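Throughout the sequence shown, residue numbering follows the numbering used here, covering 8 to 568 in sequence. Glycine included, every Cβ here is placed at the ideal spot set by N, Cα and C. All figures in this text were calculated on a predicted structure; none of them were measured in a lab. Structure record follows, encoded as structure tokens.
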Amino acid sequence: MEQKWWQNQVAYQIWPKSFCDSDGDGIGDIQGIINRLDYLKELGIGILWISPMYCSPLADEGYDISDYYNIDPRFGNLVNFDILLLEARARNIRIIMDLVVNHCSDEHEWFRKACEDPDGAYGKYFYIRNRDGEHLPTNWRSYFGGSVWEPLPGHPDKVYLHYFHKKQPDLNWENPELREEIYRMMNWWMDRGISGFRIDAIMNIRKPEIFHDYPADRDDGLCSLRNALHDQMDVKLYLNEMRDKVFLPHDAFTVGEVFDHDPEALEEFIGSRGCFSSMFDFSGEIFNRSKNGWYEDPAFLTPDQYKECIFSAQLTVKDKGFLSNIIENHDEPRGVSRYLPQTFADVHTPAAKKALAGTYFLLRGIPFIYQGQELGMENVPFSSMEEISDCSTIDQYKVALAAGLSEEEALAAIGPLSRDNARTLFPWDGSENGGFTTGTPWTKPHPAYTDTNAAAQCKDPDSVLNFYKKLSALRHDPEYGSVLCQGEFLPFLEEQSNLIAYYRWNGIRTILVLANFQPECQNVELPEKNYHPILINEGSLHFYDQTLTLLGWQFCVLEVT
Ligand code: GLC
């Protein structure tokens, strides 16, 4: 596969509302991001993905866009944004925007015009159907609960389709005029100087050719959208159009939020002529998910389950393309809370957090760090639903109650999966509100901020943060960068429980990555005799001939010499 500028980068995701507030209004902003670019530079970041900052009524925290051509005043304005682009470029950091085009906001001008005249040009930008009495066009359940159909404002006889929140009407991608509008807007941002997009919810943009009901799968009489996705028209047709009209002319980096893809079609998604540069590996995030709701989902994975997920993803992709590897994002709980199960004593130690960090970071693909992950931030111990504002968590709480859980049980079940775990304030230091703002923050800080914060970890050479810096540095290392970015992935001792081990190999160098995912020591029988340690999370290594005894939660990267 042809080498591209993005393949050896480390990416970082910012949730702008919670990253850094520069003007004391309690909400993070663009100037706050600019003020922290040196921090990101030191972390070795080359690509910055910022969650939506466009104008939005915030029904879904900015994933409901009312003006694609402007920055929401909460975050700043286009001048601030241009300065951010320049300041980032000066530090060799490229910015990618979130592209939310499956839907817009019901406050977008297009939707307002569609409501004024459903039969006019803008009516065709959406899916508007006549309502047959009480009967809705289909029995599909929205991702955020309830029917996907909502009465069209001003037209009691009509309904519009929304796969997500009712304030997020789906755009009709079958309309070529809409597609041209979207490509124009994307090119406008590319011409402004961004380097690509993280592409939101993109697998939803095409619908089944014929809308019809599927068997209900819960007591609400509705059915999962997976059925409609299964029967949807070929999504790649429009993705390729988007690639040709926007991505290729700009040499953009694009990463798709791709769920439910056909493994056979992998190359069409992320191969050298694929529609995207990369897509996220969500295998750990979706592992063992229940069709009934979050209340039945696992709050954590065992190390062997986690290994199964990441190994199978790596072995499916091989060298067909580059996955984007994550342990968390703005839709997921904190990675350390999910992949370091509290069934182990003392699991949330710096050593264990570093072991998890090294394990996912050195997989083949592009590592993404979600803000605060580099500090080892853990889930929020929610004590009441009042502390949760995410629309999806609120829906899932209702689902849990409807399934018969008590309020306490429902919170205990869904709290560890809430999207709000990751959306808390970034703790910059141990001062009031973690130094996030000089004013009153929009939410309270994570209770652990006095211990877990960037300033303290910058100073501590053994901190999780400084370990992430070492991992980033390895990807840019003149000796090891190439094998770690491009080299093949090969599992090692896959059957050995609580050990996650793999090789990276490029025909010139062989690197062995080993992580002991348990508090007890663990012996590893090595096939070769000579090893050169490149990175260890903590302690020293104990070799006896070809046996390596890893300490509890010990992680190391060895070169086979
Ligand atoms: C994606 C986003 C999520 C959002 C949804 C609807 O899954 O990551 O945060 O709620 O799309 O735009």
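Check whether residue i and residue j have beta carbons under 9 angstroms apart
i	j	result
R136	Y170	no
C62	I40	no
G263	S285	yes
R426	H337	yes
F422	P374	The question names Phe, but residue 422 in the sequence shown is Gly. For G422 and P374, no; Cβs fall outside 9 angstroms.
V531	Q503	yes
Q20	G53	no
V265	I333	no
A462	G437	yes
S25	F433	yes
W22	R430	yes
D207	L106	yes
I518	L491	yes
D458	P357	no
G33	P448	yes
M197	M249	no
Y302	A420	yes
Member of the options whose CA lies at the smallest distance from the CA of residue i
i	options	result
P160	E114, I37, E216	E114
F5	F562, R511, I515, Q493	With the chain represented from 8 up to 568, any question about residue 5 goes unanswered, as that position is not in the structure.
K35	D269, F82, A352	A small fix is needed here, since residue 35 is Gly in this sequence, not Lys. Looking at the Cα atoms, F82 is the closest of the given residues.
K314	P534, D71, Y509	Y509
Q553	W560, L533, F368	L533
P176	G130, P270, F443, H549	G130
L347	N182, D458, I507	I507
H219	N247, F151, W147, I201	W147
E271	S279, T323, Q14, D304	T323
T400	E339, T350, R96	E339
Coil, strand or helix - residue i by DSSP
i	result
T323	helix
W196	helix
Y76	strand
A18	strand
E49	helix
E68	coil
P408	Before going on, a small fix: residue 408 reads as Leu here, not Pro. In the structure shown, L408 sits in a helix (DSSP, three-state: H, G or I).
I209	helix
S390	coil
K174	coil
L478	helix
I541	strand
Q38	helix
W595	The question about residue 595 has no answer, for the chain in this structure spans 8 to 568.
D32	coil
G372	coil
R516	coil
C27	coil
Inter-residue spacing [alpha-carbon to alpha-carbon] between residue i and residue j
i	j	result
F307	E393	24 angstroms
Q321	S154	37 angstroms
K173	E157	7 angstroms
W12	L255	13 angstroms
V564	W56	28 angstroms
F133	P526	54 angstroms
G127	L363	54 angstroms
F204	H110	16 angstroms
S413	L273	43 angstroms
P125	G488	55 angstroms
K476	F368	11 angstroms
Q493	N513	7 angstroms
L481	S149	43 angstroms
S569	L418	Shown here, the chain extends from 8 to 568; a query on residue 569 therefore has no answer.
R43	C27	8 angstroms
K325	L478	22 angstroms
V108	L558	48 angstroms
N428	D397	10 angstroms
G456	N87	Rather than Gly, the amino acid found at residue 456 in this sequence is Tyr. Whole-angstrom Cα-Cα distance: 29 angstroms.
P5	A259	Only positions 8 to 568 of the chain appear in the structure, and residue 5 is not among them; the question remains open.
T445	D67	26 angstroms
F443	E216	48 angstroms
N84	D311	47 angstroms
N537	G372	27 angstroms
C528	V354	14 angstroms
H453	E495	39 angstroms
E275	S202	22 angstroms
P305	A18	27 angstroms
Please give me, in chain order, every unbroken run of the alpha helix (DSSP H) with length at least 4 that falls completely inside the stretch 417-471. 461-466
Report the residue ranges of all beta strand (DSSP E) runs contained in full by the stretch 251-298; include only those spanning at least 3 residues, in chain order. 260-263, 285-287
Taking the runs of the alpha helix (DSSP H) that are 4 residues or longer, which of them lie wholly in the stretch 328-354? 342-346
To test your reading of the DSSP string, which unbroken alpha helix (DSSP H) runs of 4 or more residues are found completely within the stretch 73-129? Listed in chain order, the alpha helix (DSSP H) runs fully inside the stretch 73-129 are 85-97, 116-123, counting runs of at least 4 residues.
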